[in-house]
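*Asks:* Below is one structure. I have some questions about it.
Residue numbers (my numbering): 309 to 391.
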């Protein structure tokens with residue numbers, strides 16, 4: 309979400325948005341863990357090759373992408389002194 313949209317939300321809407329983010333954290337962590345597991349297995353079986361590096365790149369991109377919205381919501385909640 310953009311900062312403008314987060315600023316326009318009410319306190320209740322922000323808290324609901326934060327509650328909705330909890331299940332997505334688990335899914336995002338699973339995706340990143342799956343990519344890291346594939347990379348570890350690939351290193352064990354074939355050494356460092358393209359199939360090893362590709363999941364690592366995907367995990368880094370997923371980590372950066374998935375964390376953006378969560379950090380913005382947390383910053384807005386902290387600015388409004390909400391939990």
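Backbone N, C-alpha and C fix where the C-beta goes; we use that ideal spot for every residue, glycine too.
Whole angstroms is fine: what's the gap from residue 356's alpha carbon to residue 366's?
*Replies:* Counted from its first residue, the chain shown places residue 356 at position 48. Counted from its first residue, the chain shown places residue 366 at position 58. Rounded to the nearest angstrom, the two C-alpha atoms are 16 Å apart.
*Asks:* Closest to residue 360 by C-alpha separation, out of 339, 372, 333 and 345, would be which residue?
*Replies:* Counted from its first residue, the chain shown places residue 360 at position 52. Comparing Cα positions, the closest option is 345.
*Asks:* Taking the straight line between their C-alpha atoms, what separation do you get for residue 309 and residue 328?
*Replies:* Taking the first residue of the chain shown as position 1, residue 309 is located at position 1. Taking the first residue of the chain shown as position 1, residue 328 is located at position 20. Annotation note: pLDDT 47 at residue 309 (below 50); position unreliable, coordinate value reported separately. Approximately 14 Å, taken between the alpha carbons.
*Asks:* Between residue 336 and residue 330, what straight-line distance do the alpha-carbon atoms span, to the nearest angstrom?
*Replies:* By one-based count along the chain shown, residue 336 stands at place 28. By one-based count along the chain shown, residue 330 stands at place 22. Cα to Cα, residue 336 sits roughly 10 Å from residue 330.
*Asks:* Exposed or buried, residue 350, counting other C-beta atoms within 10 Å across all chains shown (16 or more means buried)?
*Replies:* Counting from 1 along the chain shown, the entry for residue 350 is found at position 42. Buried, by the Cβ-count rule.
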